[in-house]
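Asks:
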Amino acid sequence: MNTTGFGYFLRDIRENGKISLRKLAQETQLDPAYLSRMEREMSPAPRVEIVQRLAKALCGLQNLSMAECEKLKRDLLDSAGQLTESADLIDDLKQRFAERLRDQGMEESYIVDAVSKVSLETMDRILSGLENLEIGCISHFVPGPDYLPLDEIEERKSKGEEVHLLKMKEVPASPSPRRASKAVKKTKFRAGSRAFIEVDGDLTPYQEELLRSITSTVRLILK
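Residue numbers (numbering that gives the first Met the number 0): 0 to 222.
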């Protein structure tokens with residue numbers, strides 16, 4: 000975590016990117032006076048949603064790559080004290096990795112398996128831009144840019160690359176009209192002593208994982 004304080008960290012990023020305080024205020028729709036107090040450590044570290052708004056604006060104004068933007072967002076959250084526990088760090092890493100897979104066109108039914116199999120170290124290296132992420136379909140016979148032959152996959156494994164064959168996870172089927180009148184399953188996710196999230200119906204493992212991560216964020220906000 001940055002030990003110099005969130006405000007100083009934010010100011011360094013803004014000044015190094017040659018971004019004026021007024022321009023950042025316009026992009027984030029925040030009061031310039033509020034940002035000025037924040038940078039001078041005269042205001043408490045901002046909430047998660049404010050940090051995310053700042054990260055998005057800084058990424059856009061500096062034309063950062065996806066990997067650079069992911070790192071900036073995480074560093075800002077960390078500096079603001081929003082990633083204080085190892086469980087929060089892991090949840091944040093998995094969420095961002097899942098978003099990367101989704102952005103690159105991976106089907107939702109495969110993302111759960113990918114998040115469970117890929118090591119945290121590899122996720123971090125990919126999101127930091129230190130390692131490439133390749134997604135392809137296995138094929139014995141069908142040529143094409145998105146298909147990887149099995150012998151090539153085996154060769155990559157022997158070179159020490161982390162390679163995973165993913166299985167499609169079934170999504171719970173919609174209830175039939177005959178069963179519609181029965182009681183709907185409710186799932187509650189506790190977010191500290193003051194709040195909880197209640198969801199009707201079945202959830203996929205990936206949806207449950209995301210909701211638990213959201214409750215962790217809510218718990219931090221309501222401290």
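The beta-carbon is built from N, C-alpha and C at its ideal position, and this holds for glycine as well.
By DSSP, does leucine 9 sit in helix, in strand, or in coil?
Replies: As a position in the sequence shown, residue 9 is number 10, starting the count at 1. DSSP places leucine 9 in helix when its eight states are reduced to three.
Asks: Which residue spans inside the region 28-113 form an unbroken alpha helix (DSSP H) run of at least 4?
Replies: Positions of the alpha helix (DSSP H) runs, each at least 4 residues long and wholly inside the region 28-113, are given as 31-38, 47-61, 65-78, 85-102 in order along the chain.
Asks: Using 8 Å as the Cβ pair cut-off and three pairs as the minimum, do the region 100-108 and the region 32-50 touch?
Replies: no
Asks: Less than 6 Å between C-beta atoms, sequence neighbours within five positions excluded: which residues of the same chain meet that for glycine 59?
Replies: Counting from one through the sequence shown, the residue named residue 59 turns up at place 60. Same-chain partners within the cutoff: there are none.
Asks: Looking at glutamate 161 and leucine 126, is the spacing between their C-beta atoms short of 8 Å?
Replies: Indexing the sequence shown from 1 puts residue 126 at position 127. Indexing the sequence shown from 1 puts residue 161 at position 162. Their beta carbons are not under 8 Å apart, which means leucine 126 does not touch glutamate 161 by this criterion.
Asks: Label leucine 75 either buried or exposed according to how many other C-beta atoms from any shown protein chain fall within 10 Å of its C-beta, with 16 as the threshold for buried.
Replies: Along the sequence shown, one-based indexing puts residue 75 at 76. Counting of Cβ neighbours within 10 angstroms places leucine 75 among the buried residues, the total reaching 16 or more.
Asks: Identify whether aspartate 123 lies in helix, strand or coil by the three-state DSSP scheme.
Replies: Locating residue 123 in the sequence shown gives position 124, counting from the first residue. When DSSP states are grouped into helix, strand and coil, aspartate 123 belongs to the helix group.
Asks: Is it true that the CB of leucine 23 sits closer than 8 Å to the CB of arginine 13?
Replies: Taking the first residue of the sequence shown as 1, we reach residue 13 at position 14. Taking the first residue of the sequence shown as 1, we reach residue 23 at position 24. Contact check for arginine 13 against leucine 23 passes: the beta carbons are separated by less than 8 Å.
Asks: Would you report the Cα separation of serine 19 and valine 217, rounded to the nearest angstrom?
Replies: For the purposes of this step, residue 19 is taken as the residue at position 20 of the sequence shown. For the purposes of this step, residue 217 is taken as the residue at position 218 of the sequence shown. Taking the straight line joining both Cα atoms gives about 32 Å.
Asks: Could you give the first and the last residue of the continuous beta strand (DSSP E) run that contains valine 198?
Replies: Within the sequence shown, residue 198 is the residue found at index 199, counting from 1. 195-199 is the extent of the beta strand (DSSP E) around valine 198.
Asks: Here's the rule: buried if 16 or more other CB atoms are within 10 angstroms of the residue's CB, otherwise exposed. What is aspartate 11?
Replies: As a working mapping, residue 11 is identified with position 12 in the sequence shown. Exposed.
Asks: Can you grab the Cα-Cα spacing for the pair glutamine 28 / leucine 165, in whole Å?
Replies: Counted from its first residue, the sequence shown places residue 28 at position 29. Counted from its first residue, the sequence shown places residue 165 at position 166. So the alpha carbons of these two residues sit roughly 42 Å apart.
Asks: Which of the three DSSP states is assigned to lysine 17 in this structure?
Replies: By one-based count along the sequence shown, residue 17 stands at place 18. Of the three classes helix, strand and coil, the one that applies to lysine 17 here is coil, per DSSP.
Asks: How would you label leucine 53, buried or exposed, when you count the other beta carbons within 10 angstroms and need 16 or more for buried?
Replies: Translated into positions along the sequence shown, residue 53 becomes position 54. The residue is buried, with at least 16 neighbouring Cβ atoms inside 10 Å.
Asks: Decide if lysine 93 is buried, meaning its Cβ has at least 16 other Cβ atoms within 10 Å, or exposed.
Replies: To locate residue 93, count along the sequence shown from 1; it is residue 94. Its Cβ being crowded by 16 or more others within 10 Å, lysine 93 is buried.
Asks: May I ask you to list the residues that DSSP assigns as paired with lysine 185?
Replies: Taking the sequence shown and counting its residues from 1, the one referred to as residue 185 is at position 186. According to DSSP, which records beta bridges pairwise, lysine 185 is partnered with Asp199.
Asks: Would you say leucine 57 and glycine 6 are within 8 Å of each other, going by their C-beta atoms?
Replies: Position 58 of the sequence shown, counted from the start, is the residue given in the question as residue 57. Position 7 of the sequence shown, counted from the start, is the residue given in the question as residue 6. Not a contact, by the Cβ cut-off of 8 Å.
Asks: Going by Cα to Cα distance, which pick from Gly128, Ala97, Gly200 is closest to valine 117?
Replies: Your numbering for residue 117 matches position 118 in the sequence shown. With distances taken between Cα atoms, valine 117 lies closest to Ala97.
Asks: Run the CB neighbour count on arginine 21, radius 10 Å, all protein chains shown included, and call it buried at 16 or more, exposed below.
Replies: Counting from 1 along the sequence shown, the entry for residue 21 is found at position 22. That one is exposed.
Asks: Could you pull out every residue in the same chain whose Cβ sits closer than 6 Å to the Cβ of glutamine 61, ignoring the five residues on either side in sequence?
Replies: Residue mapping note: residue 61 aligns to position 62 of the sequence shown, counting from 1. Hits under 6 Å: Gly16.
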